[in-house]
Amino acid sequence: MQTIHMSDIYGQYLTMKAEIDAAIQEVIKSTRFIKSGKVLDFEAKLADYLNTNVVSCGNGTDALQLAFMALELKPGDEVITTPFSFVSTVEVLVLMGLKPVFVDVCPDTFNLDVKQIEKVITSKTKAILPVHLFGQCANMETILNVAKKHDLFVVEDACQALGTDFLFADGTKKKAGTIGHIGCNSFFPSKNLGAFGDGGAVYSDDTNLAEKIRSIANHGMKVKYEYERVGINSRLDSIQAAILEVKLKYIDKHIKARRTAARYYDEHLQNLPGITTPARSEFSTHTFHQYTIQVEERDALKTYLEAKGIPSMVYYPKALHLQEAYKNLGYQEGDFPVAERLAKTVLSLPMHTELDEGQMEYIVEAIRSFTQTS
Ligand SMILES: *Cc1c(COP(=O)(O)O)cnc(C)c1O
1338 MQTIHMSDIY GQYLTMKAEI DAAIQEVIKS TRFIKSGKVL DFEAKLADYL NTNVVSCGNG
1398 TDALQLAFMA LELKPGDEVI TTPFSFVSTV EVLVLMGLKP VFVDVCPDTF NLDVKQIEKV
1458 ITSKTKAILP VHLFGQCANM ETILNVAKKH DLFVVEDACQ ALGTDFLFAD GTKKKAGTIG
1518 HIGCNSFFPS KNLGAFGDGG AVYSDDTNLA EKIRSIANHG MKVKYEYERV GINSRLDSIQ
1578 AAILEVKLKY IDKHIKARRT AARYYDEHLQ NLPGITTPAR SEFSTHTFHQ YTIQVEERDA
1638 LKTYLEAKGI PSMVYYPKAL HLQEAYKNLG YQEGDFPVAE RLAKTVLSLP MHTELDEGQM
1698 EYIVEAIRSF TQTS
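When we follow this note's numbering, the leftmost residue of the sequence shown carries the number 1338, and every step to the right adds one.
Quick look at the structure:
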């Protein structure tokens, strides 16, 4: 039995090794390391894939910060978001003096429960920040409608959903991150399009806004040594861009491989007692950044799998409103019952492009035998 990985970055690299190695060598030879060469090539190719403007940056957390800096919100302004996400989503808001206002999530898709958004809108609400968790879009059509009605910005945290399509009621579709005013992405190694280090990108259909974001990411510079606003230094480095440019060519193939694995899990797990397989939204495709089941005996199953050499992860074991760092937001246990329950029951299974049938059979057999003994 080969080792089963949660995310097989090295195995995937081997399938593209010659191209990636050559691309890295090209960067070294060119000495175009900063905001040039491969960085611009990759930005252009990603812009093409997504059909929007792309500004690359240092990581997904910076992407969120750049988005909110560009919107020029004032300290105390409120941003509606989810308590069931990675910490960056709320961290950036608090760092900037903005106030995260949480709304609970849907128990089946883990995404913002859009029915609850209007209830928390106040005169200080300025934006909605949906997260397309695990590779599936939040209900963007409703979010856009609510935002329009109340004159709010929509910033998408699309860090886990590169390549996902949102399907509008009229039959049109748009890629995750290109639906609201600004989209944010991460190229963290395990993400759908992962670098061999850090990387991120901000998207906007609004070309002026995209150029403003580009300036903010470059110290607020207008022309050389003229600064029109306060900015930060956030760059995608060119070696990462070279790697990403190669991997982007295979993104649809990689998404397909994740979907094949997800289908196998679905087929073999959906009838097991006590296991809930991930739901599919009617308005979004799924790119399976994670394949996340719900199970009452979550911790016991995790331990059981570990003993059989099968890794699994809990994304996320504690909702954001209950984190020590964010307790002064004033929330308490019981405020978001769905998110709190999910934190106790979710388990993400190995999910990557190199899973083979033998490995998957071994994983589902182990889960089956757990459900028969527990
Ligand atoms: C990964 C991730 C981020 C942050 O990305 P980094 O590149 O690690 O800074 C933000 N939000 C979500 C939902 C993520 O999954």
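Every residue, glycine too, gets a C-beta built ideally from N, C-alpha and C.
First and last residue of the uninterrupted alpha helix (DSSP H) at residue i
i, result
"T1710", "E1694 to T1710"
"N1781", "Any question about residue 1781 goes unanswered here, given that the chain covers just 1338 to 1711."
"V1376", "K1375 to L1387"
"K1639", "R1635 to A1644"
"S1367", "K1354 to S1367"
"D1399", "G1397 to L1408"
"V1431", "S1425 to L1432"
Beta-ladder partner(s) of residue i, from DSSP
i, result
"F1439", "T1418"
"G1520", "E1493 and Y1540"
"M1650", "S1685"
"Q1511", "The sequence shown places Lys at residue 1511, not Gln. Its beta-bridge partners are F1503."
"Q1349", "DSSP output for Q1349 lists no bridge partner at all."
"Q1723", "Any question about residue 1723 goes unanswered here, given that the chain covers just 1338 to 1711."
"N1570", "N1555"
"Y1564", "M1558"
"I1371", "D1574"
"L1449", "V1442"
Limits of the beta strand (DSSP E) - the one that residue i falls within
i, result
"D1502", "D1502 to L1504"
"V1392", "N1390 to C1394"
"Q1631", "Y1628 to V1632"
"K1463", "T1462 to L1466"
Residue environment, residue i, which counts as buried when at least 16 other CB atoms sit within 10 Å
i, result
"Y1628", "buried"
"F1524", "buried"
"K1584", "buried"
"G1472", "buried"
"D1603", "exposed"
"Q1402", "buried"
"V1457", "exposed"
"P1674", "exposed"
"V1567", "exposed"
"F1505", "exposed"
"N1608", "exposed"
"R1551", "buried"
"R1572", "buried"
"S1590", "In the sequence as displayed, the identity of residue 1590 is Lys instead of Ser. With fewer than 16 Cβ atoms within 10 Å of its Cβ, K1590 is classed as exposed."
"I1480", "buried"
"R1595", "buried"
"L1351", "exposed"
"S1367", "exposed"
"T1544", "exposed"
"E1702", "exposed"
"A1355", "exposed"
"K1375", "buried"
"T1509", "exposed"
"L1432", "exposed"
"V1560", "exposed"
"N1390", "buried"
Chain B contact for residue i (CB, 9 Å cutoff)
i, result
"L1387", "Note that chain B does not occur in the displayed structure, where there is just one protein chain."
Counting only runs that start and end within the segment 1577-1615, where is the alpha helix (DSSP H) found for 4 or more residues in a row?
With a minimum length of 4 residues, the continuous alpha helix (DSSP H) runs that stay inside the segment 1577-1615 are 1588-1606.
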